[in-house]
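Peer 1: I am attaching a structure below and will ask some questions about it afterwards.
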Amino acid sequence: MVMIGHETDFLTCACSLYVLSMCVVLSMHAHLRARFISFSSLQPKFVIWIFIQMFSINE
Numbered sequence: 001m002v003m004i005g006h007e008t009d010f011l012t013c014a015c016s017l018y019v020l021s022m023c024v025v026l027s028m029h030a031h032l033r034a035r036f037i038s039f040s041s042l043q044p045k046f047v048i049w050i051f052i053q054m055f056s057i058n059e
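Numbering (the numbering used here), first residue to last: 1 to 59.
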């Protein structure tokens with residue numbers, strides 16, 4: 001088990017998990033993909049926050 005010592009490590013893991021979930025969604029059936037898209041449209045602030053964190057980590 002890898003110990004997460006810094007907040008940036010946690011954010012990196014969260015971002016990589018988010019990207020991985022997006023890849024899984026893209027490979028899903030159209031019905032599930034549409035359901036996920038409707039869910040993510042209900043959470044626009046969370047998605048925007050994730051992308052902001054990704055860009056701030058890359059800098």
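Every residue, glycine too, gets a C-beta built ideally from N, C-alpha and C.
#1: Give every residue of the same chain whose Cβ lies closer than 8 angstroms to the Cβ of I50, excluding the five residues on either side of it in the sequence, and list them in chain order.
#2: How about Q53 and L20: do their beta carbons lie closer than 8 angstroms?
#3: Rounding to the nearest angstrom, what Cα-Cα distance links I48 and S56 in this structure?
Peer 2: For this structure:
#1: Along the sequence shown, read from residue 1 onward, the residue named residue 50 stands at position 50. Excluding positions up to five away in sequence, the list reads A14, C15 and Y18.
#2: For the purposes of this step, residue 53 is taken as the residue at position 53 of the sequence shown. For the purposes of this step, residue 20 is taken as the residue at position 20 of the sequence shown. With a cutoff of 8 angstroms on beta-carbon distance, Q53 and L20 are scored as not near each other.
#3: Translated into the one-based positions of the sequence shown, residue 48 becomes position 48. Translated into the one-based positions of the sequence shown, residue 56 becomes position 56. In this structure, the straight-line span from the alpha carbon of I48 to that of S56 is close to 12 angstroms.
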